[in-house]
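K.L.:
Residue numbers (my numbering): 4 to 137. Glycine included, every Cβ here is placed at the ideal spot set by N, Cα and C.
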Amino acid sequence: MPLPVTALYLSLSALLMLVFAWGVVRLRRSEKIGLGAGHSKALEVAIRVHGNFMEYAPLVLLMLACAELNGLSPLYLHLLGASWLIARVLHGIGLTQGRGGYHAGRFLGTLGTWILVLVLALINLAQWGFGPGW
4 MPLPVTALYL SLSALLMLVF AWGVVRLRRS EKIGLGAGHS KALEVAIRVH GNFMEYAPLV
64 LLMLACAELN GLSPLYLHLL GASWLIARVL HGIGLTQGRG GYHAGRFLGT LGTWILVLVL
124 ALINLAQWGF GPGW
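1. Just to check my reading of the structure: residue 96 and residue 108 have Cβ atoms closer than 8 Å, yes? What is that Cβ distance to the nearest angstrom?
2. Per the contact definition of three or more C-beta pairs closer than 8 Å, is the region 67 to 85 in contact with the region 124 to 135?
3. In this structure, how does DSSP classify residue 44 when only helix, strand and coil are distinguished?
4. Return helix, strand or coil for residue 106, following the three-state DSSP convention.
5. Return yes when the Cβ of residue 64 is within less than 8 Å of the Cβ of residue 16, no when it is not.
6. Can you tell me whether residue 118 is buried or exposed? The criterion is at least 16 other CB atoms within 10 Å of its CB, across all chains shown.
7. What residue from 69, 100, 92, 113 has the CA that sits closest to residue 8's CA?
8. Could you give the distance in angstroms between the alpha-carbon of residue 31 and the alpha-carbon of residue 134?
9. Compute the distance between the beta-carbons of residue 115 and residue 89, then report whether it is under 8 Å.
10. Going by DSSP, what residue range makes up the alpha helix (DSSP H) through residue 7?
11. Quick check on the burial criterion: 16 or more other C-beta atoms within 10 angstroms. Buried or exposed for residue 51?
12. Give the DSSP-derived three-state secondary structure of residue 72 in the structure shown.
13. Taking the alpha carbon of residue 83 as the point to measure from, which residue in 125, 110, 48 has its own alpha carbon closest?
14. When burial is assigned at 16 or more other CB atoms within 10 Å of the CB, is residue 71 buried or exposed?
See below:
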C-alpha cells in the first residue's frame, strides 16, 4: 500500500537531517576536529542538534506511517507531519541560538515533539482498539 503522506514527510525530514549534518561537518572542518567536540561548544551543540533529530525521527516517522497505513485522514497526517518539521526546526534553532542553554525555540521544539509522540501513540492505539480509519 502506498504511503504518499509519510513519504513526503520522510523526504523532507531527510533534507532537514542533511542540513543538521552539514552544520556538524562545517564546524568540524573549520575547527579541525575529526572526532568528538574537542573544546568547541558550538560543535558540541551542532552534534546534539543532529543527534537529537536522529533520536526522534525514526519513532515519529514510523508512527506516522502506521497511522497512514491504518487509514488516518490525510488532513490529520499533514497536520502531524508539518508539526513534526516545525518542532524540529524550532528545536534546532533554539538549541543553536541558546548555545545549549535555555531558549524558547528549544523549549517549544521539545514540547512539540513530545506532544507529537504522545498524539501519534494514542492515535495508533485507538486505531488498534477501534479499528482502522478511526
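P.N.:
Inspection of the coordinates gives the following:
1. Residue 96 to residue 108, Cβ: 5 Å. Contact.
2. Yes: the two stretches touch, three or more of their Cβ pairs being nearer than 8 Å.
3. The DSSP-derived three-state label of residue 44 is helix.
4. Residue 106: coil per DSSP, three-state reduction.
5. Cβ atoms of residue 16 and residue 64: closer than 8 Å.
6. Classification for residue 118: exposed.
7. Closest by alpha carbon: 69.
8. Approximately 49 Å, taken between the alpha carbons.
9. Contact flag set, yes.
10. From DSSP, the alpha helix (DSSP H) with residue 7 extends over 7 to 34.
11. Around the Cβ of residue 51, a 10 Å sphere holds 16 or more other Cβ atoms; the residue is buried.
12. Secondary structure at residue 72: helix, using DSSP grouped into helix, strand and coil.
13. Of the listed residues, the one whose Cα sits closest to residue 83 is 125.
14. Residue 71 counts as buried, since no fewer than 16 other beta carbons sit within 10 angstroms of its beta carbon.
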